[in-house]
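Under this note's numbering, the residue at position 52 of the sequence shown is numbered 52, and the numbers go up by one with no gaps.
Below is one structure, written out as structure tokens; the observations come after it.
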Amino acid sequence: MFLYSSSYIVAEVFNSRFCLLVFSFVLRMCLLIFSPNIIRILLGWDGLGVTSYLLVCFYSREKRFNARILTALTNRLGDVAILILIRVIASSGVFNFGLIRRSNFNVGGVVGVLVLLAAITKRAQVPFSA
Numbered sequence: 001m002f003l004y005s006s007s008y009i010v011a012e013v014f015n016s017r018f019c020l021l022v023f024s025f026v027l028r029m030c031l032l033i034f035s036p037n038i039i040r041i042l043l044g045w046d047g048l049g050v051t052s053y054l055l056v057c058f059y060s061r062e063k064r065f066n067a068r069i070l071t072a073l074t075n076r077l078g079d080v081a082i083l084i085l086i087r088v089i090a091s092s093g094v095f096n097f098g099l100i101r102r103s104n105f106n107v108g109g110v111v112g113v114l115v116l117l118a119a120i121t122k123r124a125q126v127p128f129s130a
């Protein structure tokens, strides 16, 4: 991915900034995926939202303004879902996803809907895509 992005943006003035943004995006995606702790997941989630917004804003042209605003709004909706999810999970006193199944905490439907809503907004699926 880095080779492809660096090869087509080599003529740009700020190509190092773009490559740094792509690297930051991948790093935060890995933090989001591989972390079992919900606090680190929140850090990865927010970092991913910020870097995706900065990548959309990289070419600051007039017609990209709507895409920037839509990206920011859908990320905020997903953030609300993640914060509610963390509140629901933290009410059980467990902060690790691996331990939730072992606890007596049973709100699987609510957790599933919130995770699905957050994932749909982050991935810009059908109702949240431009």
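All C-beta atoms in this analysis are idealised placements derived from N, C-alpha and C, irrespective of residue type, glycine included.
- As DSSP reads the structure, Asn66 sits in no beta bridge.
- Remark: C-beta atoms of Gly44 and Leu32 approach each other more closely than 7 Å.
- Going by beta carbons, Leu85 and Leu114 fall inside the 7 Å limit.
- If you look at Gly47, you'll find it in the alpha helix (DSSP H) that goes 38-56.
- Here Leu116 is exposed. Its C-beta has fewer than 16 other C-beta atoms within 10 Å.
- Asn15 has no beta-bridge partner at all, per DSSP.
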